[in-house]
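These notes concern the structure reproduced below.
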Ligand SMILES: Nc1ncnc2c1ncn2[C@@H]1O[C@H](COP(=O)(O)OP(=O)(O)OP(=O)(O)O)[C@@H](O)[C@H]1O
Ligand SMILES: Nc1ncnc2c1ncn2[C@@H]1O[C@H](COP(=O)(O)OP(=O)(O)OP(=O)(O)O)[C@@H](O)[C@H]1O
Ligand SMILES: [Mg+2]
Ligand SMILES: [Mg+2]
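Residue numbers (our numbering), protein chains in the order written: chain A, 8 to 245; chain B, 6 to 275.
Now the structure itself:
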């Protein structure tokens, strides 16, 4: 594995929130987090509820700002620091390199399930006919009934929406994937599909950082672990 | 957080299309907007948010050439690779021409952007004539195509805007602005004053058009859900000044400034 390139390099990342409208209380979350992830690895984040797993994942995506530190993501062969990059650079890194699988689908009015899944393929220049075919195959694999494909997911059940979300993320796995509890609202059969999809993305060389509620899922996908409670003690002591 | 990312977003472009440098405008003693600086890149959609009276419209009027700033510069690249123009250094007539051809302005009130006594087709076609198009058949064809694109039936091409609903008038205004193929579009509360269901349709239309045309746009809104859906970047204004700026989902999900925290906490689930 160590001959694979480093895709993520996290250096001395700290995070605290300042709640200006609640007496400017400062909430330290973690301090001085360091790790790197190579292509083909799945790093599982562990730690109690509130330890900061989701916050760390969001920082890697550029969705939260770190209080200090660097987050380097390999994009087009060179490292880009997400913490200091311009918005347009972050969007470009997200478009081609960095994917986020959230727990919930953010529904866009009037856009069908199939189009939601096709979208990342089109954004990467895949021919529309091929994109439709691959999107359909992915929805079928996640057992989403075909009668739903042409509908906007606003009225779908939680599990159906989540499968659309997962299909969108795995239809063309990004070189770096960040995954926050993707299986929470899924039944066992679909959970197994997700485990397979993660394994396939990994074997295609994706570097993955994930948070998984379900212990059996965690055990099956992890190649390495990071318990972030470890870094929390440091924050509390500060 | 997973808003659709624009495919045309900004690759390989080396220069901003618009550059604001310390733009300020005062109304007597009162600040309209102060010391606003930013670069906008081709294909990028910038949102301006902030409470009523924070200076959003004042800034947009300066950026779009309507009102002259009291200090600062607005630089614009009229065609790809051309030299930057300081738009307020241009003779009035040239600036007006630029405003009609190279960029578009969508007003909150469609009455400010439409000619109410001219047919729908005429409203759209007029912009092509501004650009020097004289072929009647082609102009009518383009007008029909744009009406269809903004979901107005072609059969209504000879109706006047006053016979249209508010949502239709707003869509017509958008067609009038986009038909001339602008590089940059300014919108002040494009969905303000419309019913929620009409808003959703208009928003979806705007989202698709901005994305397909690879437009650069600056959108003023007080609606953070609109900002999340349509914009790549946000500037948050308070008392005429920019207090926070950054990637849209970051500013909304992890706001740093006290005022932005207030603004985002006042709204449920954007
Ligand atoms: N945007 C935010 N603003 C303020 N505080 C936040 C924000 N996001 C997270 N926090 C706080 O940061 C801490 C860590 O939260 P986070 O969601 O990262 O934990 P987690 O480890 O993912 O927990 P869980 O396992 O319950 O999902 C919590 O105290 C939380 O309230
Ligand atoms: N023509 C004018 N004469 C005097 N003062 C003005 C004028 N236009 C705006 N102002 C003042 O400048 C400040 C900024 O106004 P502006 O219209 O830019 O706010 P805004 O952010 O667009 O508000 P809204 O969300 O209500 O449209 C306000 O204090 C306003 O009263
Ligand atoms: Mg979490
Ligand atoms: Mg205004």
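Beta carbons are placed, not taken as given, at the ideal position from N, Cα and C, and that holds for glycine.
Taking each of 166(B), 110(B), 202(B), 63(B) in turn and checking the Cα distance to residue 127(B), the smallest one comes out for 166(B). Secondary structure at residue 258(B): helix, using DSSP grouped into helix, strand and coil.
Per DSSP, reduced to three states, the secondary structure at residue 157(B) is coil, with no helix or strand assignment. Chain order gives the chain A residues near residue 205(B) as 116, 117, where near means a beta carbon separation below 9 Å. DSSP, reduced to helix, strand and coil, places residue 118(B) within a helical segment of the structure shown.
A straight-line Cα-Cα distance of about 22 Å links residue 77(B) and residue 251(B). Summarising the contact set, residues whose Cβ lies nearer than 5 Å to any heavy atom of ligand 2 are, in chain order, 32(B), 37(B), 57(B), 58(B), 59(B), 60(B), 61(B), 62(B), 63(B). DSSP, read as helix, strand or coil, puts residue 32(B) in strand.
Contact of residue 160(B) with chain A is not assigned, every C-beta pair being separated by 8 Å or more.
Of the candidates 39(A), 28(A), 51(A), 41(A), 51(A) places its Cα closest to the Cα of residue 231(A).
For the pair residue 211(B) and residue 195(B), the CB atoms are nearer than the 8 Å cut-off.
In this structure residue 19(A) touches residue 41(A) by the C-beta definition: roughly 6 Å separates them, less than 8 Å. Listed by position along chain B, the residues whose Cβ is nearer than 7 Å to that of residue 69(A) are 252, 255. Rounded to the nearest whole angstrom, the CA to CA distance from residue 168(B) to residue 112(A) is 39 Å. Contacts with chain B at 8 Å (Cβ-Cβ) include residue 97(A). In the same chain as residue 236(A), and ignoring 5 residues on each side of it, the C-beta atoms closer than 7 Å to its own belong to 54, 55, 58, in chain order. Using a CB distance below 7 Å, the part of the stretch 28-52 of chain A facing chain B consists of 28, ordered along the chain.
Around the beta carbon of residue 120(B), a 10 Å sphere encloses fewer than 16 other beta carbons of the protein chains shown; the residue is thus reported as exposed. Along the stretch 67-92 of chain A, going in chain order, the ones with a CB nearer than 8 Å to a CB of chain B are 68, 69, 70, 71, 72.
DSSP places residue 235(A) outside any alpha helix (DSSP H), giving it a letter other than H or E.
For residue 218(A), the closest alpha carbon among the candidates 210(A), 212(A), 187(A), 158(A) is that of 187(A). For residue 61(B) against residue 248(B), the beta-carbon gap comes to about 13 Å, at or over 8 Å, which does not count as contact. Annotated three-state conformation of residue 38(A) is strand, per DSSP. Not a single heavy atom of ligand 3 lies less than 7 Å from the C-beta of residue 122(A). In the three-state reduction of the DSSP assignment, residue 112(B) falls in the coil class, being assigned neither a helical nor a strand state. In chain order, 241, 248, 249, 256 place their CB closer than 8 Å to the CB of residue 265(B), counting only its own chain and leaving out the 5 sequence neighbours on each side. Between the alpha carbons of residue 68(A) and residue 90(A) lies a gap of roughly 9 Å. Taking residue 27(B) as reference, the option from 80(B), 52(B), 58(B) with the minimal CA-CA separation is 80(B). Secondary structure note for residue 26(A): its beta strand (DSSP E) is the uninterrupted segment 13-26. Around the beta carbon of residue 122(B), a 10 Å sphere encloses fewer than 16 other beta carbons of the protein chains shown; the residue is thus reported as exposed. Distance from the CA atom of residue 119(A) to the CA atom of residue 34(B), rounded to whole angstroms, is 52 Å. In this structure, the beta-carbon distance from residue 146(A) to residue 128(A) does not fall below 8 Å. Interface flag for residue 135(A) against chain B is unset, since no Cβ pair is found closer than 8 Å. Excluding five sequence positions before and after residue 29(B), the CB atoms of its chain that fall closer than 7 Å to its own CB belong to 38, 39, 40, 74, 75, 76, 77, given in chain order.
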